[in-house]
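Everything on this sheet refers to the single structure shown next.
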């Protein structure tokens, strides 16, 4: 039963931290790091970094609580 509760909270924390990291990364201008006229690639970088950040933060929070 405890594992089920942790998984429910973990998925909720994943969603919250993903949107929070997308919001935070939207303040960085990745277009300056990319080639000219490549906005799609810059958005893909932001998306991947947001997933990575949400994974790390979620695992930290769950390990800290457990």
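In the working numbering, the protein residues as written are 1448 to 1513. Glycine included, each C-beta is placed from N, C-alpha and C at the ideal position.
Cut-off 7 Å between Cβ atoms - residues of its own chain near residue i, not counting five sequence neighbours on either side
i            : result
residue 1457 : 1505 and 1509
residue 1492 : 1477
Cβ-based neighbour list, residue i, same chain, cut-off 8 Å, excluding 5 preceding and 5 following
i            : result
residue 1496 : 1468 and 1472
residue 1486 : 1478
Beta-carbon spacing of residue i, residue j below 9 Å
i            : j            : result
residue 1500 : residue 1450 : no
residue 1480 : residue 1489 : yes
Straight-line gap, residue i to residue j (C-alpha atoms, nearest Å)
i            : j            : result
residue 1470 : residue 1513 : 27 Å
residue 1507 : residue 1452 : 17 Å
residue 1454 : residue 1475 : 32 Å
residue 1503 : residue 1482 : 28 Å
residue 1484 : residue 1466 : 26 Å
Residue range of the alpha helix (DSSP H) that includes residue i
i            : result
residue 1478 : Counting along the chain, residue 1478 falls outside any alpha helix (DSSP H), and DSSP gives it neither H nor E.
residue 1501 : 1486-1512
Residues of its chain near residue i, where Cβ-Cβ distance is below 6 Å and the 5 sequence neighbours each way are ignored
i            : result
residue 1511 : none
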